[in-house]
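With mature numbering (1 follows the signal peptide of the UniProt record, and there is no 0) applied, the sequence shown corresponds to residues -17 to -1, 1 to 303, in that order.
Cβ coordinates follow ideal geometry from the N, Cα and C atoms, glycine included.
Everything below concerns the one structure shown next.
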Amino acid sequence: MLPKAVIFQIFLSIVGAQGIGNGYPLRIMTFNIWITGENVVDGLYKIAKHIRIVDPDIVTIQELQSKELFGQLLTELGLDYTGVYHNSSGYPDTAIITKHKINDALTFQTSATIGTEIELKSGIVVRFVGAHLAYKSYGPYAAYNKLVTDIKQIMAGETKPDSWNRAKNIKDLIASKSFKKFAAESDSQPFFVCGDFNSPSHLDWTEETRSSHGGWVVEWPATKLLADQGFEDSYRVKNPNVTSHPGYTWSTVNKSPEEWDFTIPEPQDRIDFINFKGKRIQVTDSFTYCGMEPVLPIPRHRNNDYPSDHFAVVSDFVIL
């Protein structure tokens, strides 16, 4: 059977701008490219290859290490693609790439995000934010540590005052004028916030799954803050059963750390998200993606066809 990504690509080539019934198809991808593919042979080529296979209308990229490499990736993808790049000197590695028209006048940046407006070929306008949140103090490491006995210890890594943390990254976004505008207008112009959050979801660490999460129920703030703004998690909309569909995106290759001779398991979790807000949006599918060939774990990863240590997330929508 053909992978979902290929099936939908064929479907889109048939449907095109004519739409589906009363709506128009939209495919979104979030893709952490693991230091611009430098950990595999021909990494940049493979990144472009897998974007072309998935054929998203919009893809947000993380770990794109420089503006020069951003330009090289666009060249590798071809003339159909354009994009915007997060050029803050503090964390310059996030981009939005699309086959559609970007409204540069509405492009904006916050501490860990870049956002813009995109006019699709159908004439529909969507607003889009790509995010790469703080990576230090990864929450599951604390949750699985037997010396941690209080939820405040876990939350310290997410919300530590006066530090660059995941909760602050999202609060910076929510406080921005552009976010407020996009959120207020989302019922007419759909709004997406996507990327690598470096955090699990509050939808996954529940009472039902406590036994799988070191005995903890955790309301992870990065995802909860967005949910409180009216955003929905596309993967969980289509895959609501956390036990049967954990949707792990971390990690394709990091299964156990080298420091312990690969004997201690690396916590696996769902940390990459495609969130949406707006009455015109219907989710038709959402799935993780790692290509069609076996992905070998570290230290046997150099010749992998799929170039990332994260699964990508792909969500299909109909815009009414």
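Classify residue i as buried or exposed, calling it buried when 16 or more other Cβ atoms lie within 10 Å of its own Cβ.
i           : result
P290        : buried
D292        : buried
L52         : buried
P248        : exposed
Q92         : buried
V278        : buried
M12         : buried
A114        : buried
Y218        : buried
Y124        : exposed
S169        : buried
T246        : exposed
F(-10)      : With a pLDDT of 46 at F(-10), under the threshold of 50, the modelled position of this residue cannot be trusted, and the question is left open.
L130        : exposed
I(-8)       : Confidence is the limiting factor: at I(-8) the pLDDT is only 42, short of 50, which leaves the residue's position unreliable and the question unanswerable from this model.
W243        : exposed
V176        : buried
Q45         : buried
R149        : buried
N224        : exposed
D87         : exposed
residue 309 : Here the chain comprises residues numbered -17 to 303, so residue 309 is not present and cannot be evaluated.
S171        : exposed
Got a sec: does the ligand GTP put a non-hydrogen atom nearer than 7 Å to the Cβ of residue i?
i    : result
D187 : Absence of the ligand GTP is noted for the structure shown, with no ligands found whatsoever.
Between the C-alpha atoms of residue i and residue j, what's the straight-line distance to the nearest angstrom?
i           : j    : result
M138        : G61  : 43 Å
T235        : F294 : 6 Å
F165        : R283 : 44 Å
I153        : A205 : 6 Å
V201        : D63  : 42 Å
L156        : L208 : 10 Å
L(-6)       : G6   : For L(-6), the predicted structure reports a pLDDT of 45, less than 50, and the residue's modelled location is therefore unreliable. A value from the coordinates is still provided. The straight-line gap from Cα to Cα measures roughly 13 Å.
E102        : L89  : 12 Å
A(-1)       : H196 : Residue confidence is low: A(-1) scores 42 on pLDDT, short of 50, so the model does not pin down where it sits. Its coordinate-derived value is still stated next. Computed Cα separation, rounded: 44 Å.
N258        : D216 : 5 Å
N181        : T19  : 17 Å
E191        : S105 : 42 Å
D38         : E59  : 14 Å
H185        : E276 : 32 Å
I80         : G26  : 18 Å
K32         : F270 : 19 Å
P250        : G54  : 34 Å
V297        : A210 : 19 Å
F256        : L303 : 22 Å
residue 314 : T96  : This structure cannot settle anything about residue 314, because the visible part of the chain is limited to -17 through 303.
P8          : Y74  : 33 Å
S146        : V109 : 32 Å
Q48         : K151 : 22 Å
G98         : I254 : 20 Å
D288        : G274 : 8 Å
I85         : R193 : 43 Å
Just list the residues that DSSP pairs residue i with in beta bridges.
i    : result
N15  : Q45
D40  : DSSP lists no partner for D40.
I34  : Per DSSP, none; premise fails for I34.
R10  : D299
T189 : None, per the DSSP bridge assignment.
T235 : Answer by DSSP bridge pairing: none, since T235 is not bridged.
G178 : A114, F256
I85  : I101
Starting from residue i, trace the beta strand (DSSP E) in both directions and tell me its first and last residue.
i    : result
D299 : 295 to 302
E24  : Strictly speaking, residue 24 in this sequence is Val, with Glu absent from that position. Where V24 is concerned, there is no enclosing beta strand (DSSP E), given that its DSSP letter is neither H nor E.
S269 : 264 to 272
V67  : 65 to 68
T81  : 77 to 81
For the alpha helix (DSSP H) holding residue i, just list the boundary residues, first then last.
i           : result
T206        : 204 to 210
residue 366 : Outside the shown range of the chain, which is -17 to 303, sits residue 366, and nothing can be said about it.
K260        : K260 -> not in any alpha helix (DSSP H); beta strand (DSSP E) instead, spanning 255 to 260.
R219        : 217 to 221
Contiguous beta strand (DSSP E) assignments of at least 3 residues, all confined to the region 90 to 175:
96 to 102, 108 to 115
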